[in-house]
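Below is one structure; the comments refer to it alone.
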Amino acid sequence: MLAAMFSGHHTVCKDDKGYVFIDRDGKHFRHILNWLRDGVAPVSNLSDLERVELLREAEYYQLLGLVDMINEFLNKKKDEQTHTDLTRTDIIKCVQYANGGCVRLMGVNLSGLDLSKLV
Numbered sequence: 002m003l004a005a006m007f008s009g010h011h012t013v014c015k016d017d018k019g020y021v022f023i024d025r026d027g028k029h030f031r032h033i034l035n036w037l038r039d040g041v042a043p044v045s046n047l048s049d050l051e052r053v054e055l056l057r058e059a060e061y062y063q064l065l066g067l068v069d070m071i072n073e074f075l076n077k078k079k080d081e082q083t084h085t086d087l088t089r090t091d092i093i094k095c096v097q098y099a100n101g102g103c104v105r106l107m108g109v110n111l112s113g114l115d116l117s118k119l120v
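2 is the number of the first residue of the sequence shown in the numbering used here; add one for each residue after it.
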């Protein structure tokens, strides 16, 4: 989008000092510029709202690499939130479901759970 704006094929609005006016919220424009300069954006340091705002700006400027980066981060974060820790109740349900049989919980971290009265 920026390349198209300044290609000479479009008229850009300039003020009396020669500055170009882009009718967008400037809050995240520095992140856009940094992404264009060196491919780095502070996606992990932003709040969820700021990430969505930056995503909207990246989509507007058609920065597909930045869009992909933000979406990957958001999807990864969403996946992490769906994995919850097991509770004592979860373990009891597993044992009850096994109906006296052996319960194997391979790869499950039970540290920190109080299972002292579990028979």
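Think of the CB as a built atom: it goes at the ideal place given N, C-alpha and C, for glycine as much as any other residue.
Cβ-based burial, H11 [other Cβ within 10 Å; buried from 16]: Residue burial annotation: H11 is exposed, with fewer than 16 other C-beta atoms found within 10 angstroms of its C-beta.
Where do the ends of the alpha helix (DSSP H) carrying M6 lie? 3-6
Excluding sequence positions up to five away, which residues of its chain have a Cβ less than 6 Å from the Cβ of V21? V13, K15
Quick check on the DSSP output: what are the complete alpha helix (DSSP H) runs of length 4 or more inside the segment 4-73, in order along the chain? 30-39, 49-61
On a CA-only basis, which of E58, I92, Y98 is nearest M2? Give me that one, please. E58
For N76, name the three-state secondary structure that DSSP assigns. helix
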